[in-house]
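Asker:
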Amino acid sequence: MRKHFLRAGALVVSLAALLGWLAYTRFDFFVPRLASEEGVVVDRLLRVHFFLIAAIFALVVGFAVYSVWAFRRRADDDTPGAAIHGHGGLEFLWTVIPLGIVLSLSAMGVRDFLFLRRTDADLTVQVQAQQFSWGFVYPEYDIRSPELVVPTGQRVKFELTSLDVIHSFWVVEFRIKEDAVPGMTTYAYVTPRTEGEYRVRCAELCGSGHANMYAPVRVVSPEAFDAWVAEQQAAQQQAASPVARGEQIFQQYCAACHTLDGSPKVGPSLNGLAGRTTTLDDGTTVTVDEAYIRESILDPQAKIVAGYPPVMPATFGQALSEDDLDALVQFLLQAGE
Ligand SMILES: [Cu+2]
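Per this note's numbering, the sequence shown starts with residue 5, numbered consecutively.
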């Protein structure tokens, strides 16, 4: 008996040591790059879980493999084997040890959760999700951008909203994921610490373009961030002409589904729109004019272009102000003539 325990124990310990060593030295292989302070906490918790799981895996598999081999049926032995009924000590241990583990994990989880959800912040970014793109507004600087740019060392508060369905804001390198839910504002906090280029992904299946719902993320030095802000503010001032503003709005709200180079995406290309003849799904044709463009934006289901799914969101009437809508229509009227 003792002999068996020693041998199985040796197997368990070596297996656990091997997995633990892998987890310790090759942890970066198992997780994506880390780019935020909050992620340090998340990864620490993940590491603890990884070690525990390695140990439990080794315990179960080690004893199982050893028993299959050591207690295999012998050719000259037809006896059913010893019958063992319960073991108070063992049962006590396998109740108390897992209970201890689970309680400690929840304590660590609560501690880290409270740390991650602290509400102090140096910078606010409003994240607007919609099918199938992300828009970023910096209310403190009056900037709107299709790209998320954040400085290192500042705690950023993200205020998430959605124009249509539930989306989920996820930057793996930040180790933070939060749903954007229509009709309410949700929050996430991140302190970027590693400069680089990353990606916002949508982590909630939200429709036909979900897999393409990306936005670029750039983590830059505080100096580079200030320079970017100044640049954006200057560009926004120059873009006072309706057509230039219309193009910005197009990039933010429409470019996920429409191109301006003649190639179809989710919807038809919108260059050379004015004056062209569009065939609708009921076989009739329309000549595109300003009224048709407005209707297409405000009430996309009124006329469906033949050969395309009727998936254009009907939310632009709420998302865009009158001025924005006018600028957008001006831009589309002259796009790619
Ligand atoms: Cu989405």
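C-beta: ideal position from N, C-alpha, C; glycine also.
(1) Quick one: what's Lys181 bridged to in DSSP?
(2) Excluding the five sequence neighbours on either side, which residues of its own chain have a C-beta within less than 8 Å of the C-beta of Arg280, listed in chain order?
(3) Tell me which residues pass a beta-carbon proximity test against ligand 1: closer than 5 Å to any heavy atom, given in chain order.
(4) What is the DSSP secondary structure of Ala260, counted as helix, strand or coil?
(5) Going by the DSSP bridge assignment, what does Thr281 pair with across the sheet?
(6) Which residues does DSSP pair with Phe140 in a beta bridge?
(7) For Cys258, would you say it is in contact with chain D, using Cβ-to-Cβ distances shorter than 8 Å as the test?
(8) Going by beta-carbon coordinates alone, are Ala58 and Val131 separated by less than 8 Å?
(9) If we ignore side chains and look at the alpha-carbon of each, how far apart do Val35 and Ala68 end up?
(10) Taking buried to mean at least 16 other C-beta atoms within 10 Å of its own C-beta, is Gly311 buried or exposed?
(11) By Cβ distance below 8 Å, which residues in the same chain neighbour Leu336 in space, the five residues on each side in sequence not counted?
(12) Taking Cβ positions, are Val221 and Ser40 nearer each other than 8 Å?
(13) Among Pro84, Met5 and Tyr218, which has the Cα closest to the Cα of Ala133?
(14) Specify the secondary structure class of Tyr70 as computed by DSSP and reduced to three states.
(15) Extract the residue ranges of the alpha helix (DSSP H) inside the region 42 to 128, only unbroken runs of 4 or more that lie entirely within it.
(16) Buried or exposed: which applies to Gly85, given that a residue is buried once 16 or more other Cβ atoms fall within 10 Å of its Cβ?
(17) When DSSP labels each residue in this structure, what does Val224 get in the three-state scheme?
(18) Is the region 50 to 64 touching the region 6 to 25, taking contact as three or more C-beta pairs under 8 Å?
(19) At the level of alpha carbons, what is the spacing between Asp303 and Val46?
Answerer: A quick look at the data gives this:
(1) Position 177 of the sequence shown, counted from the start, is the residue given in the question as residue 181. Paired residue(s): Trp174.
(2) If you number the sequence shown from 1, residue 280 lands on position 276. Within the same chain, Arg280 has close Cβ partners Thr291 and Val292.
(3) His171, Cys206, Cys210 and Met217
(4) Indexing the sequence shown from 1 puts residue 260 at position 256. It is coil, neither helix nor strand.
(5) If you number the sequence shown from 1, residue 281 lands on position 277. In DSSP, Thr281 forms a bridge with Thr291.
(6) By one-based count along the sequence shown, residue 140 stands at place 136. Note: Phe140 sits in a beta bridge opposite Val131 and Ser149.
(7) This model lacks chain D altogether; it includes just one protein chain.
(8) The count along the sequence shown starts at 1 and reaches residue 58 at position 54. The count along the sequence shown starts at 1 and reaches residue 131 at position 127. No, they are not a contact pair.
(9) Locating residue 35 in the sequence shown gives position 31, where the first residue counts as 1. Locating residue 68 in the sequence shown gives position 64, where the first residue counts as 1. When rounded, the distance between both Cα atoms is 30 Å.
(10) On the sequence shown, residue 311 is found 307 positions in, with the first residue counted as 1. Classification for Gly311: exposed.
(11) On the sequence shown, position 332 is the one that residue 336 refers to. Cβ within range, chain order: Gly250, Phe254, Leu274, Leu277, Ala278 and Ile297.
(12) Along the sequence shown, one-based indexing puts residue 221 at 217. Along the sequence shown, one-based indexing puts residue 40 at 36. The answer is no: Cβ separation not under 8 Å.
(13) On the sequence shown, residue 133 is found 129 positions in, with the first residue counted as 1. Comparing Cα-Cα distances from Ala133 to each of Pro84, Met5 and Tyr218, the minimum goes to Tyr218.
(14) The sequence position of residue 70 within the sequence shown is 66, counting from 1. Correct three-state label for Tyr70: helix.
(15) 92 to 120
(16) In the sequence shown, residue 85 corresponds to position 81, counting from 1. Exposed, because fewer than 16 other Cβ atoms sit within 10 Å of the Cβ of Gly85.
(17) Working through the sequence shown from its first residue, we reach residue 224 at position 220. Three-state DSSP puts Val224 in a strand.
(18) yes
(19) Reading the sequence shown from its first residue, position 299 is the one you call residue 303. Reading the sequence shown from its first residue, position 42 is the one you call residue 46. Taking the straight line from one Cα to the other gives about 44 Å.
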